[in-house]
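The listed protein sequences derive, respectively, from chains A, B and C. Note that the first sequence covers residues 0 to 305 in numbering that gives the first Met the number 0. Note that the second sequence covers residues 0 to 435 in numbering that gives the first Met the number 0. Note that the third sequence covers residues 0 to 308 in numbering that gives the first Met the number 0. Here a beta-carbon is modelled for each residue, glycine too, at the ideal position from N, C-alpha and C. All remarks here apply to the structure that follows.
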Amino acid sequence: MYRIRFHGRGGQGMKTASRILGTAFFKQGFEIQDAPRYGAERRGAPIFAYVRASHKLINERGNMTHPDLVVVADDTLVPVPGAGVLTGLENDTVLLINSDETNNTWKQRLNISGNIITLPVETEDRAELRFIGATCSGAAARLIGDISRESLELAIKEELAELGDDVIEKNLTKALTAYDLMASYEACVNNSKSISADNYKSPNWIKLPFDDARISAPDIHATANSVKVNTGEWRTLRPVIDYKKCNKCWWICSTFCPDGAITVHDNLPEIDYKHCKGCLVCVAQCPPHAIETMAEESTLNQEEQS
Amino acid sequence: MKRMLLTGNGAAAWGARLAACDYIPAFPITPQTEIIEDIANWIDYDEMDARIVTLESEHSMITAAGTAAATGVRVFSATSSQGLLYAMEMLYTVSGWRAPFVLVNVSRGLATPITLEADHNDILAARDSGFLQIHCSTCQEVLDNTLIAFRLAEDERIRLPVIVNLDGFYLSFTREPVEVPNSDAAKKFVGDFNAENIRFRASTPISQAVAVLGGSAYSYFRYETHLAALNGITVYDEIATEFSAQFGRQYDVIENYYADDAEYVFVMLGSFSTKAKQAVDELRNAGWSIGLLRPRLLRPFPKEYFQKYLNEKKAVAVIDQNISMGMGGVLHSELAGALYDQTKAPKYLLSFIGGLGGRDISTEEFFEIAVAIRDAVKTGQTPPPRLMYTQAELSEIRKLQAIANVERNELTDKEPGDKEPGDKEPGEKTLGEEND
Amino acid sequence: MTEQNVTIYRNMKNLPSTHLLGTGTPMCAGCGGLEALNQVYDIVGDKSVFVNAAGCMTLLSVYPFTPFRGSWIYTAMGSAPAGAQGVRDALDILIEKKRIDKHEDMQVVVLTGDGSAYGMGMSATSGSLERNLDYLYLCYDNEGYGNTGQQFSAATPHAAKTSTSKGARGFPGFKKDLFAIWVSHKPTYVATVIGAEPVDLARKIEKMTKLQGPRMIIALSPCPTGWDFDPQETVNIGKLAVKTGVWPLKEYIDGKVIHTKVPKQRKPVEDYLKLQGRFKHLFEPVRNEQLINEIQNRVDTYWSEVQLL
């Protein structure tokens, strides 16, 4: 069975990517199972999607604990613990990352012995990010090796039928370019077996101890501890204040920020980058146009530089 | 203490009053209305220092009960059947808040067809919700167990809401002598409500009942609620012992009526069990070795007590005043589950269903059940489950169907509107004709 | 000037510079509802209990994180006002019976989306108004069932595309007039607000906090995910909702409805519509003149009736 896991953010088309690959496998004669996993509908939040493909009936379901191929559409997700990008990676898992950085940089950074392949990022234009899904599924198809160019094309046309010819054309171009680009890595992804009953790791069941309601009620006794969640990791674009142009009319940007992520110190607005989601409302509303939009660098990159 | 004649509803209202409840969110439904009327009246005449608020539905009522308890006051409410089911979403929801309160349910059969008289399908529908359940068979029990229920709910090992169930009409509107405890003694027994750390105060902000994502986290909260509910057996026994010492009336988790040395046992819930007791008396007079077990606590399910009392018995008949469509009697299947791995479990577990929608279960029917038990042992065969219904009842229903124009069509294969010789035109009457 | 009319919010400069609600919540980037909530919370403050109904904002607090400095409880989709009733009554009882000090008291605030307010929660809201419950109600209206993927709700405007109205003409129904329904109960106060007009919003919240009884707000919440636009347009779209007259800013107090911001020269509704993907089918591939006119006419009719008053 092929076990593939996609990682991306809401709005990047991971569900579409998994469906394109699922349909492509299906056209090649495989039995398949594909599904996205997310909480509520949220743009920007990490989501993942699975595809399972086999020539036999697929009984496995749910969490993919031992993927053969992990595709990461947004490299800023790699260090995010909640995104689970590195969960279940084995020595023979192939990791495909949509990134401007090289394979070697990632290998060193992550310290894993498995195969890491990078797919160069084409654009930072937020509107173009919608096509990441197609690019990823195209690349994935080649790495798997059992999916022909024709099956991929048919799959894209079928999955995107509702979106109109222009959109289909654009996605096709991206996907097929990626497919071709991955030629030298063709069929590097394994077709692996399921977990053996002879030799498995025990789940280590315990007898759950009784905790009285003071502890076991679903209540939070802390206040505003949501600040521990770094929603800044959602950003693909970052607003940057040019203090030379800033009029100090903080009441505008600070009030309009939907997340309250602009604080005021000595009459100057400061953007809280740990929490700014990059909506860019402040950019749109700043009267002297003192806030610029910049591409979000990989947070790992920043840590390395600082 | 004074001994007065009280209906079951009156006894429930007294329970709430003696427990010094602060807040009663209400909504009227037959056969519960007298409870909230009594309480409203006492409050209007300053005999009870509490607040009663009528919400627009039972779903809202239970929500308000839960949030008031979660704010930190002692709450009482009451409902029945359709109202309990209308609130069903909130029963599950508020139990997870781990804020305790007492809900009296006056048992009534569920639609369809809509009816007003008693059975147990309503209260049993709530069995998975997280509420504990105490089932009463006399008006005295209703009052006493309402007091016990507050102690049970508020115990730190539990912290879950508790339903006290009484049968509509047979208890709710039936007067029996009830000893009403002295109010100071009752207040002392119940004590003050201690909200512990689940309450709303400006000085201690809290986010309650928050969303949980992820199966492992969710499972923790659900399992812990279950573990708390399981503590109900031990805690009830403790509280009942204390109650007995104070007020002289003993309440066991399962009422055991001559079952100890009996070969055959009836098992049933609720007020009709007193009829079963009467039948047991007569059967024993006639030489039978027979007794009755009546669970007071249904949630948590008193598994160990059942095992203790039923191991080594020859045969048991469970009389369910409820029916799970497509499965049968609920108590029967729960008991079967509790006895399954017991090497000394009774070999024969018979199922009888009766008393739906207030249908009587006659003494003769209890005798017939005893005979069925004995025959099972004799033949070595458990009979199939019996839906108790007589020939006379079927004849009666056929008459009603004839009036409803149902039976006639079925018998003659006619289309509605077809005429036979002698059929009348609509509106035409024969002299002296009466409705048959 | 009565006490009610004195405001500390004369212009935007008077708005709070610190924000009470914690960052780090999973609301979408550019959420117009969160923008309004932030503005409201800054004035209502942390001596409050927020009673929530199912909707996007249920996820403001996901265990173990909460953005609230005050209190919060999630109830159910249809009964948040009943939940508020329980909290309010219980606090009153505790204070009356001197079991807690008066300074432990809190403002009870119901927070729901339009799905609950315009639909499932209507019965509970009506009951609370009829009982004259002393509380605040904040409805963030993103004109659809947002948390489940933007299916149409009773708040969806005519012709809008939603996930259950994807046909060429969009949603065939019309937006329910929740303001009128609430006003018919004659509560203490009802108002419409929008985060894009923060001074108007602040004045209304300020006014509300000085009153007693049911005080109800509907905040139109431009929704990048549900209305299909780039998050940075949230405030622009909000301002246009007001400038085109699509979202009248008004309040009901002392038996009268007063419009607090009357657009002098209303911009054509299409300025507002064409920025949103949910109305794209009105312009592409072909202009649907009929539907655009229908929408414009309804807005014009509304304002002509207002002028007459």
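Where residue i falls, given that 16 or more other Cβ within 10 Å makes a residue buried
{"i": "Leu-14/C", "result": "buried"}
{"i": "Gln-132/B", "result": "buried"}
{"i": "Ser-193/A", "result": "exposed"}
{"i": "Met-324/B", "result": "exposed"}
{"i": "Phe-173/C", "result": "exposed"}
{"i": "Val-317/B", "result": "buried"}
{"i": "Ala-186/A", "result": "exposed"}
{"i": "Gly-431/B", "result": "Below a pLDDT of 50, predicted positions are generally treated as unreliable, and Gly-431/B, at 42, falls in that range; no measurement from the model is reported."}
{"i": "Val-405/B", "result": "exposed"}
{"i": "Tyr-169/B", "result": "buried"}
{"i": "Asp-21/B", "result": "buried"}
Residue i to residue j span [Cα, whole Å]
{"i": "Asp-165/A", "j": "Val-107/C", "result": "52 Å"}
{"i": "Thr-381/B", "j": "Met-267/B", "result": "18 Å"}
{"i": "Cys-256/A", "j": "Ala-185/B", "result": "57 Å"}
{"i": "Val-189/B", "j": "Arg-150/B", "result": "6 Å"}
{"i": "Asn-102/A", "j": "Glu-89/A", "result": "17 Å"}
{"i": "Gly-31/C", "j": "Asp-251/B", "result": "58 Å"}
{"i": "Cys-138/C", "j": "Ala-123/C", "result": "14 Å"}
{"i": "Asp-41/C", "j": "Met-89/B", "result": "32 Å"}
{"i": "Thr-6/C", "j": "Glu-205/C", "result": "7 Å"}
{"i": "Phe-170/C", "j": "Thr-155/C", "result": "7 Å"}
{"i": "Asn-8/B", "j": "Pro-35/A", "result": "53 Å"}
{"i": "Gly-148/C", "j": "Cys-222/C", "result": "12 Å"}
{"i": "Glu-54/C", "j": "Glu-392/B", "result": "One detail in the question is off: residue 54/C reads as Gly in this sequence, not Glu. One C-alpha to the other measures close to 52 Å."}
{"i": "Ala-16/A", "j": "Leu-94/A", "result": "16 Å"}
{"i": "Met-60/B", "j": "Leu-90/C", "result": "17 Å"}
Any C-beta of chain B under 7 Å from that of residue i
{"i": "Met-207/C", "result": "no"}
{"i": "Ile-46/A", "result": "no"}
{"i": "Leu-387/C", "result": "No answer is possible for residue 387/C: it lies beyond the span of chain C, which begins at 0 and ends at 308."}
{"i": "Ser-225/A", "result": "no"}
{"i": "Asp-88/C", "result": "yes"}
{"i": "Arg-8/A", "result": "no"}
{"i": "Asp-218/A", "result": "yes"}
{"i": "Thr-191/C", "result": "no"}
Contact set for residue i: own chain, Cβ-Cβ below 8 Å, skip 5 residues either direction
{"i": "Leu-58/C", "result": "Thr-24, Pro-25, Met-26, Asn-146"}
{"i": "Tyr-301/C", "result": "Gly-244, Pro-247"}
{"i": "Leu-151/A", "result": "Ile-19, Ala-23, Ser-136, Gly-137, Ala-140, Ala-174, Leu-175, Tyr-178"}
{"i": "Leu-4/B", "result": "Arg-174, Glu-175, Pro-176, Val-177"}
{"i": "Thr-362/B", "result": "Lys-274, Gln-277, Ala-278, Glu-281"}
{"i": "Ile-147/B", "result": "Ile-133, Tyr-235, Ile-238, Ala-239, Phe-242, Tyr-250"}
Cβ of residue i within 7 Å of any chain A Cβ
{"i": "Pro-66/C", "result": "yes"}
{"i": "Pro-204/B", "result": "yes"}
{"i": "Ala-28/C", "result": "yes"}
{"i": "Glu-269/C", "result": "no"}
{"i": "Phe-199/B", "result": "no"}
{"i": "Lys-413/B", "result": "Its pLDDT being 49, under 50, Lys-413/B is placed unreliably by the model, and the measurement read from it follows with that caveat. Taking Cβ atoms only, chain A never reaches closer than 7 Å to Lys-413/B, which makes this a no."}
Cutoff 7 Å: residue i Cβ touching any chain C Cβ
{"i": "Glu-40/A", "result": "In this prediction, Glu-40/A has a pLDDT of 46, which is less than 50 and means its spatial position is unreliable; what the coordinates show is noted afterwards. Closer than 7 Å to some Cβ of chain C, the Cβ of Glu-40/A qualifies, so yes."}
{"i": "Lys-333/A", "result": "Residue 333/A is absent from the model: chain A starts at 0 and stops at 305."}
{"i": "Thr-254/A", "result": "yes"}
Contacting residues, own chain, Cβ-Cβ under 6 Å from residue i (five flanking each side not counted)
{"i": "Met-293/A", "result": "Arg-237, Val-239"}
{"i": "Gln-304/A", "result": "Because the pLDDT at Gln-304/A is just 49, under 50, the model does not fix this residue reliably, and the point stays unresolved."}
{"i": "Arg-156/B", "result": "Asn-230, Val-234"}
{"i": "Leu-200/C", "result": "Gln-38, Val-192"}
{"i": "Val-86/C", "result": "Val-48, Val-107"}
{"i": "Ile-205/A", "result": "none"}
{"i": "Arg-214/C", "result": "Leu-135, Thr-187, Tyr-188, Met-207"}
{"i": "Lys-106/A", "result": "Ile-115"}
Residues near residue i by beta carbon distance below 7 Å, same chain, minus five either side
{"i": "Ser-182/B", "result": "Leu-17"}
Could I get the ranges of all uninterrupted alpha helix (DSSP H) runs contained in the region 141-200 of chain B, with 4 residues as the minimum, in chain order? 182-189
Contained alpha helix (DSSP H) runs [length at least 4] in the region 173-216 of chain C, N- to C-terminal order: 177-183, 197-208
I'd like the ranges of any beta strand (DSSP E) spanning at least 3 consecutive residues and lying wholly in the region 143-173 of chain A. none
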